[in-house]
Amino acid sequence: MKITKKKFGILSSGEEVDLFTLKAGELSLTLTNFGGTLISLYVPSRSGCR
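Under this note's numbering, the first residue of the sequence shown carries the number 308, and numbering increases by one thereafter.
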């Protein structure tokens, strides 16, 4: 499993918000560290298409 971290923005309070992407094969999940907000989820279909 590969995990990447990328800066997403800064809140008015000065707190940084990051995006975390977790990849395992064809599965990909992206979320923030601001309440664990789900940004994207990609899973392959039965035919293998994303």
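We put the beta carbon where it would ideally sit given N, CA and C, even for glycine.
Check, Outcome
"Other residues of its chain near residue 325: CB distance less than 8 Å, five sequence neighbours each side excluded", "312, 313, 314, 315, 339, 340"
"Close-in-space but distant-in-sequence residues of the same chain around residue 323 (CB under 6 Å, 5 per side omitted)", "317"
"Alpha-carbon to alpha-carbon, residue 331 and residue 309", "7 Å"
"Given residue 346 as reference, the closest of 355, 329, 353, 354 once Cα atoms are compared", "329"
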